[in-house]
Amino acid sequence: MTGFDSKGRNVADRLKDKVAIITGGAAGFGEGMARRFAEEGAKIVVADLNAREAERVASEIGNGAIAVTTDVSQRVEFDELVYAAKSAFGRIDIMVNNAGYTHRNGDLVDVEEDVFDLITAVNMKAIYHAARAVVPIMERQGGGSILTTASTAGLRPRPGLTWYNASKGWAITATKSMAVELAPKNIRVNCLCPVAGETGMLEKFMGKDTPEIREKFKASIPLGRFSTPLDIANAALFLVSDEASLITGVAMEVDGGRCI
Numbered sequence: 002m003t004g005f006d007s008k009g010r011n012v013a014d015r016l017k018d019k020v021a022i023i024t025g026g027a028a029g030f031g032e033g034m035a036r037r038f039a040e041e042g043a044k045i046v047v048a049d050l051n052a053r054e055a056e057r058v059a060s061e062i063g064n065g066a067i068a069v070t071t072d073v074s075q076r077v078e079f080d081e082l083v084y085a086a087k088s089a090f091g092r093i094d095i096m097v098n099n100a101g102y103t104h105r106n107g108d109l110v111d112v113e114e115d116v117f118d119l120i121t122a123v124n125m126k127a128i129y130h131a132a133r134a135v136v137p138i139m140e141r142q143g144g145g146s147i148l149t150t151a152s153t154a155g156l157r158p159r160p161g162l163t164w165y166n167a168s169k170g171w172a173i174t175a176t177k178s179m180a181v182e183l184a185p186k187n188i189r190v191n192c193l194c195p196v197a198g199e200t201g202m203l204e205k206f207m208g209k210d211t212p213e214i215r216e217k218f219k220a221s222i223p224l225g226r227f228s229t230p231l232d233i234a235n236a237a238l239f240l241v242s243d244e245a246s247l248i249t250g251v252a253m254e255v256d257g258g259r260c261i
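Position one of the sequence shown corresponds to residue 2 (my numbering), numbered consecutively onward.
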């Protein structure tokens with residue numbers, strides 16, 4: 002995107018000189034955010050458990066991007082991620098909690114405990130780890146922005162995804178509570194609620210990937226299509242930019258009308 006806003010600023014520089022950590026940044030929504038933020042001038046830390054794909058994304062972005070192999074469920078790895086980001090770029094302005102995990106669509110009593118534990122560790126506890134790691138840094142810097150990828154599942158749950166739905170409801174509530182507590186520190190906290198999209202988890206959301214099931218899911222979305230990484234990246238860009246300086250505690254629906 003090129004051009005100028007109403008104040009004559011280059012809209013391709015909305016995140017100029019800001020440093021963004023994006024977990025789950027090697028694919029799907031996270032990769033979309035990494036690329037979109039970089040287009041707007043941000044320095045990018047692509048954090049992902051998949052080292053090869055994280056390196057690919059960082060390499061394709063080029064100068065101003067690094068890859069860090071990270072298991073977001075582990076506090077020590079979050080500390081190492083933050084250390085790598087600060088070592089490379091000197092600061093952290095944006096923390097995107099995008100990494101996610103789900104069980105396969107099905108009966109809630111059939112979800113094994115180890116799967117449940119991984120869902121809560123990645124979708125919930127990682128937000129806690131991130132906050133403890135970056136909030137003190139952002140406070141010393143005078144502010145920052147924390148963004149979490151939640152889901153329409155936390156607002157309007159589909160059957161068959163109960164424990165995933167619950168984890169995203171938790172993420173939305175955590176966002177709102179963090180926003181209130183961190184506002185005096187000039188740290189804004191928001192989340193996105195995407196509808197199902199063309200990502201690696203889509204097949205698990207649907208149970209199995211068939212044309213019939215795809216049409217059933219699309220039929221529940223008034224605009225008639227799944228979300229794309231660019232849809233989510235554009236919404237994320239707005240929320241972490243200075244254009245949203247008065248917006249905090251918001252769970253933004255990027256859902257084609259699914260939650261109406």
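Beta carbons: idealized from backbone N, C-alpha and C, even for Gly.
Selection M34, D14 and T24 evaluated against D232 yields M34 as nearest (Cα-Cα). DSSP places P160 in no alpha helix (DSSP H); its state is neither H nor E.
One Cα belongs to A27, the other to S74, and the distance between them is close to 17 Å. Residue environment analysis places L224 among the exposed positions, since fewer than 16 neighbouring C-beta atoms fall within 10 angstroms of its C-beta.
When beta bridges are read from the DSSP output, S146 appears opposite I95 and R189. In the displayed model, D111 falls within a helix according to three-state DSSP. If you check the CB distance, I248 and I188 do not come in under 8 Å.
Restricting attention to M96, A52, E32 and D80, the CA atom closest to the CA of K19 is found in M96.
The distance from the Cβ of F206 to that of W164 is about 13 Å, inconsistent with a contact at the 8 Å cut-off. According to the DSSP assignment, D49 belongs to the beta strand (DSSP E) that extends over K44 to D49.
For S168, the number of other beta carbons within 10 angstroms of its own is at least 16, and it is reported as buried. Counting only residues of its own chain and dropping the five nearest sequence neighbours on each side, A172 has a CB closer than 7 Å to the CB of N124, M125, I128, T149, A151, G155 and C192. Here the alpha carbons of D210 and D94 stand approximately 38 Å from one another. The DSSP-derived three-state label of A175 is helix.
Ranked by Cα distance from N98, the first of I62, A48 and K17 is A48. Here DSSP, grouped into helix, strand and coil, assigns T121 to helix. Counting along the chain, the unbroken beta strand (DSSP E) around V20 starts and ends at V20 to T24. Between the alpha carbons of L238 and E54 lies a distance of about 22 Å.
C194 is bridged by DSSP to E254. By the neighbour-count definition (other C-beta atoms within 10 Å, threshold 16), D256 is a buried residue. Taken through DSSP and simplified to helix, strand or coil, I138 comes out as helix.
Judged by their CB atoms, K186 and G250 are not nearer to each other than the 8 Å cut-off.
Counting of Cβ neighbours within 10 angstroms places P195 among the buried residues, the total reaching 16 or more. Of the candidates A13, L162, R92 and S88, A13 places its Cα closest to the Cα of R36. Apart from the 5 residues on each side of it in sequence, R76 sits with its Cβ closer than 6 Å to the Cβ of H130 in its chain, given in chain order.
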